[in-house]
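Mind the numbering: the sequence shown is residues 13 to 529 in my numbering, read in order.
All C-beta atoms in this analysis are idealised placements derived from N, C-alpha and C, irrespective of residue type, glycine included.
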Amino acid sequence: MGSEARSPLIVGSGIAGLYVALRAHEEGLRPTVVTKSGLAESNTRYAQGGIAAAIGPDDTTELHRRDTVRAGAGIADLAAVQVLTSEAPKRIADLVRYGVPFDTIEGRIALGREGGHSRARILHAGGDATGLQIEETLRARVLEAGIEARERCRLRALRPATDGTTTAVLSRDDGSQVEEVTGRPVVLATGGTGSLYRQSSNPITATGEGVAIAFRGGALVTDIEFIQFHPTVFAREGAPRFLITEALRGEGAVLRNQAGERFLLKYDPRGELATRDIVSRAIHQEMRKTEATAVFLDATAIPRDRLYARFPSVCRFLVDHGLDPSKDLIPVSPMAHYMVGGVTTDLEGRTSIPGLWACGEVASTGVHGANRLASNSLLEGMVFGERVARQLEHPSAGGPRDAPRMHSIELPPGLGQDDPEAAFREVGALLWDDVGIVRERKGLETAVRRFEYWRDRSEPPTDFDLASPSANAALTALLIARAALSREESRGAHFRSDFPRPSPRWKYHQGLRRARR
Ligand SMILES: Cc1cc2nc3c(=O)[nH]c(=O)nc-3n(C[C@H](O)[C@H](O)[C@H](O)COP(=O)(O)OP(=O)(O)OC[C@H]3O[C@@H](n4cnc5c(N)ncnc54)[C@H](O)[C@@H]3O)c2cc1C
């Protein structure tokens, strides 16, 4: 292997990027991590509930596998689920080895329960600060190992190189100092797309740029219509959108409507422990009935000491906003949270572009099917990140197959004109209103037209010009809306009021690829 090939470029500093960097370094490679944010900023940092693995005495990887397949609503990739659940305990051992301080009870790792899981299997750290603890630990190990890390450095484009690999085009965050990196394996670990939506639990870094950049570069994208909404994000005018972990419902908190009635059992016999899509739609429906902007999470039945000990970050946030969760109801609403699909990969993280790997939220292995099971995404970043790291050491040919339903999407040259504020504002509003929790044809058609308008304005005039962040936002939004419009059924996180049931005709993954000019 040449020296460039032994120096992978890893884009993104969440759990996926940092873990791949550490593992690649341990394998004797010389990785570089680049991130458009600070090294510590990512969705990972905000994860509260925890990370799933079947390590409890009454649990098995088979039960974890079954729960994951069930959440996937008929289209979870069975081989990917097998990999995820069977390799989970080994990846947890890695986190322990790196020093993540998981919470314990009497010397044993404490395990919580969350919606859709048939056993207590959620490891947490710092109570509800699991993501922060993982991010800080991995970041510390990366810095200690002397791995090169470049902050405020943005991936701008991926282009085929003459030697058959991929050229990554990087720039400073402000667009200056454009640099082309050729001959190095590239790992896309750029995370999800949640913050494109007007209402979102995600930090501003999560704009789905990796999807747009990879798609423009020719990569296959699958299952992008499945956007998961988190049912309980703090919803008070003017307050930050803070996630109220569903582990609270696992501990006994219940949801009440404006009339104070518990309503979830009307929608699903599992009540508060139903999967996220069901809980989000039930809340959405209750809110529409009463034209309210929120429902209430009632945690008052959980003993005060336990509440404050188990959920210190949530309690601190609520107290800062004048609420005592042991006495007061918490106003919550569903918000965009997680991108189920993304850049298509095989089980080794290989994308359809030679020399480009992807893992974490940006990747689509099919493991989540149409809906992700809570606490499986931190895990996904590590399990498939490990496989990517091994591939970087011993790359082999391969890549994902096309999805059974494929669409070619035209990407005509645009004017390269940018009005970022207006573009982000309209993309956010349309995604929320028309490509949100409940979708239907007319709204989706309107959204597609408007996203095409923004694409035609902002897409660069030629393939050699670099796209702006708002061109990436318009393109990612267009892909989500186009896929949601074609899927004429309801499945998992995708709900169409004009096609409210799953259809056997659609028991497939749907792929999008750039049309060849
Ligand atoms: C509030 C919240 C709570 C959550 N709770 C849980 C939970 O309890 N359990 C669970 O399993 N999952 C949870 N999730 C989901 C989980 O956190 C994410 O799916 C996971 O952290 C994604 O990790 P990642 O490494 O793929 O991406 P991220 O952690 O999002 O990292 C992406 C990185 O890529 C960088 N980046 C993006 N674009 C570019 C570019 N063009 N150039 C350079 N860098 C770029 C970003 O700056 C960032 O550093 C939660 C998410 C949120 C928002």
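Burial state of Pro-48, where buried means 16 or more other Cβ atoms lie within 10 Å: What sits at residue 48 in the sequence shown is Lys, not Pro. Burial check for Lys-48: the Cβ neighbour count within 10 Å reaches 16 or more, so the residue is buried.
His-380 CB to nearest heavy atom of ligand 1 below 7 Å: No.
Residue closest to Ala-415, alpha-carbon to alpha-carbon, out of Arg-210, Leu-144, Asp-89: Cα-wise, what sits closest to Ala-415 is Asp-89.
Distance, Glu-284 Cα to Arg-77 Cα: Distance between the alpha carbons of Arg-77 and Glu-284 is about 22 Å.
Near ligand 1: Ala-157 beta-carbon under 7 Å from a heavy atom: No; taking the cut-off as 7 Å, the Cβ of Ala-157 has no heavy atom of ligand 1 nearer than that.
Where Leu-277 falls, given that 16 or more other Cβ within 10 Å makes a residue buried: Result: exposed.
Stretch-stretch touch, CB-based, cutoff 8 Å, three pairs: the stretch 114-126 with the stretch 134-144: The stretch 114-126 makes contact with the stretch 134-144, as at least three CB pairs between them are under 8 Å.
Ordered list of alpha helix (DSSP H) runs contained in the stretch 306-363, each at least 4 residues: Segments of the alpha helix (DSSP H) lying fully in the stretch 306-363: 316-322, 324-332.
Ligand 1 heavy atom lying under 7 Å from the CB of Ile-5: The requested residue 5 is not part of the displayed model; the chain covers only 13 to 529.
Rounded distance between the beta-carbons of Thr-257 and Val-331, thought under 8 Å: Cβ-Cβ separation between Val-331 and Thr-257: approximately 16 Å, too far for a contact (criterion under 8 Å).
Arg-168 - DSSP class collapsed to helix/strand/coil: DSSP places Arg-168 in strand when its eight states are reduced to three.
Complete alpha helix (DSSP H) runs within the stretch 133-205 (minimum length 4 residues, chain order): If we require 4 residues or more, the alpha helix (DSSP H) runs fully inside the stretch 133-205 come out as 142-156.
Any non-hydrogen atom of ligand 1 closer than 7 Å to Gln-60 Cβ: Within the chosen limit of 7 Å, ligand 1 reaches the beta carbon of Gln-60 through at least one heavy atom.
Distance CB(Ala-201)-CB(Val-32) smaller than 8 Å: Note that the C-beta distance between Ala-201 and Val-32 is below 8 Å.
Identity of the residue in Ala-485, Gly-523, Arg-494 nearest Ala-224 by Cα: Nearest to Ala-224 by C-alpha distance, out of Ala-485, Gly-523, Arg-494, is Ala-485.
Contacting residues, own chain, Cβ-Cβ under 6 Å from Pro-101 (five flanking each side not counted): Only Ala-65, Ile-67 meet the Cβ criterion.
Strand pairing of Ile-290, partner residues [DSSP]: DSSP, once it has assigned bridges, lists no residue as partnering Ile-290.
Val-23 Cβ short of 7 Å to ligand 1 heavy atom set: Indeed, a heavy atom of ligand 1 lies less than 7 Å from the Cβ.
Residue range of the unbroken alpha helix (DSSP H) whose run includes Leu-497: Leu-497 -> alpha helix (DSSP H) spans 481-498.
Counterpart residues of His-76 in DSSP-defined beta bridges: DSSP lists no partner for His-76.
Inter-residue spacing [alpha-carbon to alpha-carbon] between Ser-389 and Val-45: The alpha-carbon atoms of Ser-389 and Val-45 are separated by roughly 21 Å.
Check whether Thr-287 and Asn-383 have beta carbons under 8 Å apart: With respect to Asn-383, Thr-287 sits close: the two C-beta atoms are nearer than 8 Å.
Cβ-based neighbour list, Pro-425, same chain, cut-off 7 Å, excluding 5 preceding and 5 following: The residues are Glu-471, Pro-473, Thr-474.
Sequence-distant residues of the same chain with beta carbon closer than 8 Å to Trp-444, five excluded per side: Correct list, in chain order: Tyr-209, Arg-210, Gln-211, Ala-348.
C-alpha gap between Met-468 and Ala-489, whole angstroms: Note that residue 468 is Asp in the sequence shown, not Met. Answer to the nearest angstrom: the Cα atoms are 13 Å apart.
The stretch 447-454 touching the stretch 399-409, judged by at least three CB pairs closer than 8 Å: Of all C-beta pairs linking the stretch 447-454 to the stretch 399-409, fewer than three are shorter than 8 Å, placing the two stretches out of contact.
Beta-carbon gap between Glu-452 and Ser-509 smaller than 8 Å: Cβ distance < 8 Å, so Glu-452 and Ser-509 count as in contact.
Continuous beta strand (DSSP E) stretch holding Gly-220: start and end: Per DSSP, Gly-220 lies in no beta strand (DSSP E) and is assigned neither H nor E.
Local Cβ density within 10 Å of Ala-265, reported as buried at 16 or more and exposed below that: So Ala-265 counts as buried.
Phe-436 (DSSP reduced to helix, strand or coil): DSSP places Phe-436 in helix when its eight states are reduced to three.
8 Å Cβ cutoff met for Arg-525 and Pro-514: The beta carbons of Arg-525 and Pro-514 sit no closer together than 8 Å.
Endpoints, the alpha helix (DSSP H) within which Gly-29 is located: Note, Gly-29: alpha helix (DSSP H), 27-38.
Short Cβ contact (8 Å threshold) for Ala-247 with Ser-345: Going by C-beta atoms, Ala-247 is nearer than 8 Å to Ser-345.
Residue from Gly-222, Tyr-110, Leu-182, Ser-207 whose Cα sits closest to the Cα of Met-394: Of the candidates Gly-222, Tyr-110, Leu-182, Ser-207, the one whose C-alpha sits nearest the C-alpha of Met-394 is Tyr-110.
As assigned by DSSP and simplified to three states, the class of Phe-246: DSSP places Phe-246 in strand when its eight states are reduced to three.
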